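Participant: Heads up: the sequence lines are chains S and C, in that order.
FYI, the numbering for the first sequence is 1096 to 1435, going by the numbering used here.
FYI, the numbering for the second sequence is 1096 to 1435, going by the numbering used here.
What follows is a single structure, and I will ask about it in a moment.
2 protein chains.
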Amino acid sequence: MSRSASIKDVATHAQVAVGTVSNVLNYPDRVSQRTKDRVLQAIDELGFVRNDAARQLRAGHSRTIGLIVLDVGNPFFTSVVRAAEDAAALQGSAVLLGDSGHDAARESNYIDLFQEQRVQGLLISPVGDVTDRLDILRERGVPTVLVDRLADEEQYSSVSVDDDAGGYLAARHLLDLGRRRLAFVGGPTTIRQVADRLQGAQRAVAEVPDASLEVLDSEGQTVLAGRSVGDQLVRRSADQLPDGVFCANDLLALGVMQSLAMMHKLRIPEDIALIGYDDIDFAVSAVVPLSSIRQPTEALGRTAIELLAEELDSPDSAQPRHRAVIFTPELVVRQSTAGA
Amino acid sequence: MSRSASIKDVATHAQVAVGTVSNVLNYPDRVSQRTKDRVLQAIDELGFVRNDAARQLRAGHSRTIGLIVLDVGNPFFTSVVRAAEDAAALQGSAVLLGDSGHDAARESNYIDLFQEQRVQGLLISPVGDVTDRLDILRERGVPTVLVDRLADEEQYSSVSVDDDAGGYLAARHLLDLGRRRLAFVGGPTTIRQVADRLQGAQRAVAEVPDASLEVLDSEGQTVLAGRSVGDQLVRRSADQLPDGVFCANDLLALGVMQSLAMMHKLRIPEDIALIGYDDIDFAVSAVVPLSSIRQPTEALGRTAIELLAEELDSPDSAQPRHRAVIFTPELVVRQSTAGA
DNA sequence: CTGAATCTTTGAATCGTTTCATTGGTACGA
DNA sequence: TCGTACCAATGAAACGATTCAAAGATTCAG
């Protein structure tokens, strides 16, 4: 077990000064081809790998960006993470990923860790109230971009998706199919996402004179909750049934679909057109492929990095512009709302 | 934007030497209560946060462990990751997470990054052939533990799950229910996991005189692939049908289940008992809750960290013992194989 | 009161980079 | 031939922590 080679070892081996080795690494243009070759060969022969701690200590900042998400298991975040990593790589940064798991304590631990690591900046989908901590970070020159959460005040940049627009899109689609008796299935409206999606749907319905929207409360956002709503629907008499159902997320929609499929009384999409939200992988492989609203996760991740870069680039004196970028979701039509 | 306070600022503010501040941080017992109080107060007032780069430079190693998984979106890995993070936190380390996404280039980038960061050790589910790189790391005192992959040679520690045992467990369960005409549904047997699970199933069947096992090849491991296998089954005459089906993973099983449910000719579990593998979240909320084989993901993650710690603790001279820990999976019985 | 033993505190040296003022060379026009 | 640019290469200083030998303070037995 041999200690790693340092830049000094490389310098000795290549018979140049340490500063020259550093230049080869960081400003290749400043070094003549001959010298560069010698140095690169020495690096290769010694298997030299730059010690990032030393570089960072001298440079005063790292090349890493902290990213704290609510749940890496959630495909939405997985996709955001991957896009952020790719975007960061393009600008020469690496992403340190933390999963808070909706736990404020874990979240706080990650902020500690990232602060000790002197990350350049922080992307976060906050669980708890972290504004105090973010204020301190900003004061020290570490900017934050909120992800999937509109900044309360205008103090932070943020990227989010317009859930109201998504709700409108879904309801509008059902209306365009000629459906008029719509139902919205969604968990507690205290969840902002659910409330916004409902509001968007109501907006769409209000635009069509003879259309109505019924709200079916669900207990949570799971397949099982969806199934219990579906079971209620199946028991209704035909004249009481909606002809278009919009679920606040795909899991709910899959649950509703399972109920209807099991009972074999109501057909999708003929009797009831069904649309979900999120466009999870399972949507396409459901018994009846499910229409859904897709969120531009790649754009979210990429833009979050870009906003961060903007703040990092802006000179200290100039107060950085905080920008709130809001994306518009997209309708994905499949068989569950197909046909006239 | 004020620069962060350094240990020197703290020392000045508390009117002590820098060494004393360091001692307060690292060896509190060596410092008198009075001094400690003053220093802690200064730390608080200045909002001092230790610069990990400097500590690491001096200490020669970091307090982080690199973890590279094939796909953070896969619940299996998500769970492993979380367990590893928790276990690492207990011993005062943090985990740097990398997602290779089955891409050898990304994997290699993460190894580079982690090497620059001078991680203490590496946990990895390898995609490409990384043995050369791992050898170099080990030579430099950075041990590796393979995750979900048995080490080819005896050069590395590893944690994995016994897929043969899992296959045996599943088939045995169907046999115990009295089923005799079994079928195995699984993707290309070039995938080690699939081959092992099949082999385990064959072992179980061989133990029961009048039992048989038919192998149904699937194209991939998706819900859709499962559905196409299910469609084939539905078209068969009754005397050609299996009465127990074991799928190499839950997605396949869900696809098969959808086919049977749609056709409404065959009932689960009465006509066909169905069992999957992995116990994903969707298994419990399927139309008919799906029996499955659960892998001890938490134990995997925890043990991987423990094996790494073992190698780190063993003195350099003593050749570290490489241990291959193999876990046994667990049967989870639900409605899809319920009843006599 | 003295000397030894123990407990605290000190501060210079060190880790491996990057930075930058300085030096040494080379080329070119006058 | 000289002076002026320009280009490459040099190497000491600095970043912020930890370490450790040494100094200083305190305690206590005799």
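The C-beta atom is built at its ideal place from N, Cα and C for all residues, glycine as well.
Being a predicted model, the structure only gives us computed values, none of them experimental.
DSSP three-state label for S/A1207, please.
Facilitator: In the first sequence, counting from the first residue as 1, residue 1207 of chain S sits at position 112. Going by the sequence as given, residue 1207 of chain S is Asp instead of Ala. Residue state, collapsed to three classes: helix.
Participant: Quick check on this structure: which residue in S/Q1294, S/I1286, S/A1265 and S/S1354 has the alpha carbon closest to the alpha carbon of S/V1427?
Facilitator: Looking up residue 1427 of chain S in the first sequence gives position 332. Among S/Q1294, S/I1286, S/A1265 and S/S1354, the Cα nearest to that of S/V1427 belongs to S/A1265.
Participant: Select from C/T1398, C/G1321 and C/L1232 the residue whose C-alpha is nearest the C-alpha of S/P1380.
Facilitator: Here residue 1380 of chain S refers to the residue found at position 285 when the first sequence is read from its first residue. Inspection of the sequence shows that residue 1380 of chain S is occupied by Ser rather than by Pro. Ranking C/T1398, C/G1321 and C/L1232 by Cα distance to S/S1380 puts C/G1321 first.
Participant: With a cut-off of 8 Å, does the C-beta of S/D1059 fall near any C-beta of chain C?
Facilitator: Look at the range of chain S in this structure, 1096 to 1435, and you will see that residue 1059 of chain S is not part of it.
Participant: If I follow the unbroken beta strand (DSSP E) through S/A1343, where does it start and stop?
Facilitator: Sequence index remark: in the first sequence, residue 1343 of chain S carries index 248 (1-based). Element bounds for S/A1343: n/a, residue is neither H nor E.
Participant: Just checking: is the beta-carbon of S/E1211 within a distance shorter than 8 Å of some beta-carbon in chain C?
Facilitator: The residue given as residue 1211 of chain S occupies position 116 in the first sequence. True, the Cβ-Cβ gap to chain C drops below 8 Å.
Participant: Tell me the DSSP secondary structure of S/A1137 in three-state form.
Facilitator: One-based indexing of the first sequence puts residue 1137 of chain S at position 42. Correct three-state label for S/A1137: helix.
Participant: On a CA-only basis, which of S/G1261, S/A1368 and S/D1326 is nearest S/G1434? Give me that one, please.
Facilitator: Counting from one through the first sequence, the residue named residue 1434 of chain S turns up at place 339. It is S/A1368 whose Cα lies nearest to the Cα of S/G1434.
Participant: What number of angstroms, rounded off, separates the C-alpha of S/S1412 from the C-alpha of S/V1242?
Facilitator: As a first step, residue 1412 of chain S is located in the first sequence; it is residue number 317 there, counting from the start. As a first step, residue 1242 of chain S is located in the first sequence; it is residue number 147 there, counting from the start. Residue placement at S/S1412 cannot be trusted, given a pLDDT of 49 that sits under 50; what the coordinates show is reported in the next sentence. For S/S1412 and S/V1242, the distance between alpha carbons rounds to 26 Å.
Participant: Please report the straight-line C-alpha distance between C/S1323 and C/F1341, rounded to a whole angstrom.
Facilitator: Here residue 1323 of chain C corresponds to residue number 228 of the second sequence, with the count starting at 1. Here residue 1341 of chain C corresponds to residue number 246 of the second sequence, with the count starting at 1. Distance between the alpha carbons of C/S1323 and C/F1341 is about 15 Å.
Participant: How about C/L1402 and C/V1240: do their beta carbons lie closer than 8 Å?
Facilitator: In the second sequence, the residue the question calls residue 1402 of chain C occupies position 307. In the second sequence, the residue the question calls residue 1240 of chain C occupies position 145. Their beta carbons are under 8 Å apart, which means C/L1402 touches C/V1240 by this criterion.
Participant: Are there 16 or more other CB atoms within 10 angstroms of the CB of S/I1375, so buried, or fewer, so exposed?
Facilitator: Indexing the first sequence from 1 puts residue 1375 of chain S at position 280. Looking at its Cβ environment, which holds 16 or more other Cβ atoms inside 10 Å, S/I1375 is buried.
Participant: With 16 as the cutoff for other CB atoms within 10 Å, does S/M1358 come out buried or exposed?
Facilitator: Within the first sequence, the letter at position 263 stands for residue 1358 of chain S. S/M1358 comes out exposed.
Participant: Pick helix, strand or coil for S/L1272, following the three-state DSSP scheme.
Facilitator: What you label residue 1272 of chain S is simply residue 177 of the first sequence in a count that begins at 1. Coil.
Participant: Please report whether the beta-carbon of C/F1341 lies at a distance below 8 Å from any beta-carbon of chain S.
Facilitator: Locating residue 1341 of chain C in the second sequence gives position 246, where the first residue counts as 1. Judged by the 8 Å Cβ criterion, C/F1341 is not in contact with chain S.
Participant: Can you pull the chain C neighbours of S/Q1353, defined as C-beta to C-beta under 7 Å?
Facilitator: Your numbering for residue 1353 of chain S matches position 258 in the first sequence. V1382, listed in chain order.
Participant: Does the beta carbon of C/S1099 sit closer than 8 Å to a beta carbon anywhere in chain S?
Facilitator: Against the second sequence, residue 1099 of chain C aligns to sequence position 4. So, interface residue.
Participant: Taking all protein chains shown into account, do 16 or more other C-beta atoms lie within 10 angstroms of the C-beta of S/Y1122, making it buried, or fewer, making it exposed?
Facilitator: Looking up residue 1122 of chain S in the first sequence gives position 27. Result: exposed.
Participant: Would you mind telling me which residues of chain S sit closer than 7 Å to C/T1173, beta carbon to beta carbon, in chain order?
Facilitator: Mapped onto the second sequence, residue 1173 of chain C falls at position 78. Near C/T1173 (Cβ distances below 7 Å), the residues of chain S are V1167 and G1168.
Participant: Please identify the residue among C/Q1210, C/R1129 and C/Q1288 whose C-alpha is closest to the C-alpha of S/V1144.
Facilitator: Indexing the first sequence from 1 puts residue 1144 of chain S at position 49. Minimum Cα distance to S/V1144 is reached at C/Q1210.
Participant: With burial defined as no fewer than 16 other Cβ atoms inside 10 Å of the residue's Cβ, what is the status of S/A1148: buried or exposed?
Facilitator: If you number the first sequence from 1, residue 1148 of chain S lands on position 53. Flag for S/A1148 reads buried.
Participant: Any idea which residues DSSP pairs S/V1240 with across the strands?
Facilitator: Here the question's residue 1240 of chain S lines up with position 145 in the first sequence. According to DSSP, S/V1240 bridges with S/L1218 and S/S1252.
Participant: Taking only runs of the beta strand (DSSP E) that begin and end inside the stretch 1365 to 1430 of chain S, which ones reach a length of at least 3 residues, in chain order?
Facilitator: As far as the stretch 1365 to 1430 of chain S is concerned, its whole beta strand (DSSP E) runs of at least 3 residues are 1368 to 1370, 1387 to 1389, 1419 to 1422 and 1425 to 1427.
Participant: Which class does S/S1099 belong to by DSSP, given the choice of helix, strand or coil?
Facilitator: By 1-based counting over the first sequence, the position of residue 1099 of chain S is 4. If DSSP states are grouped into helix, strand and coil, S/S1099 belongs with coil.
Participant: Taking the C-alpha atoms as reference points, what is the distance between C/A1199 and C/T1115?
Facilitator: As a first step, residue 1199 of chain C must be located in the second sequence, where it is residue number 104. As a first step, residue 1115 of chain C must be located in the second sequence, where it is residue number 20. Using only the alpha carbons, I get a separation of about 47 Å.
Participant: As a quick exercise: from S/E1393, S/T1432, S/D1230 and S/G1371, pick the residue whose alpha carbon is nearest that of S/E1180.
Facilitator: Residue 1180 of chain S sits at position 85 when you count from the first residue of the first sequence. Among S/E1393, S/T1432, S/D1230 and S/G1371, the Cα nearest to that of S/E1180 is on S/E1393.
Participant: At a CB distance below 7 Å, what residues from the stretch 1308 to 1337 of chain S approach chain C? Give them in sequence order.
Facilitator: Answer in chain order: T1317, V1318 and L1319.
Participant: Let me know the secondary structure DSSP gives S/G1295 once reduced to three states.
Facilitator: Along the first sequence, one-based indexing puts residue 1295 of chain S at 200. Reduced to three states, the DSSP call for S/G1295 is helix.
Participant: Interface residues of chain C around S/N1146 at Cβ under 8 Å?
Facilitator: Here residue 1146 of chain S corresponds to residue number 51 of the first sequence, with the count starting at 1. Correct list: L1152, E1211 and R1213.
Participant: Could you name the residues of chain S that C/A1356 contacts, counting a contact when the two beta carbons are closer than 9 Å?
Facilitator: The residue you call residue 1356 of chain C lines up with position 261 of the second sequence. Neighbours of C/A1356 on chain S, chain order: Q1353, A1356, M1357 and V1382.
Participant: Considering Cα atoms alone, identify which of C/G1339, C/A1333, C/I1286 and C/G1325 is closest to C/V1300.
Facilitator: For this step, residue 1300 of chain C is matched to residue 205 along the second sequence. Per the Cα distances, C/G1339.
Participant: Under 7 Å Cβ-Cβ, which residues of chain C neighbour S/A1149?
Facilitator: Numbered from 1 along the first sequence, position 54 holds the residue referred to as residue 1149 of chain S. Correct list: L1152.
Participant: Bridge partners of C/A1278, per DSSP?
Facilitator: Counting from one through the second sequence, the residue named residue 1278 of chain C turns up at place 183. Answer is C/E1309 and C/V1340.
Participant: Quick one: using the 10 Å Cβ neighbour count with 16 as the cut-off for buried, is S/A1404 buried or exposed?
Facilitator: Indexing the first sequence from 1 puts residue 1404 of chain S at position 309. Counting Cβ neighbours within 10 Å, S/A1404 comes out buried, since at least 16 surround it.
Participant: Residues in the same chain with beta-carbon distance under 6 Å from S/A1109, minus the five sequence neighbours each way, listed in chain order, please.
Facilitator: The residue given as residue 1109 of chain S occupies position 14 in the first sequence. Contacts found: R1133, V1134 and A1137.
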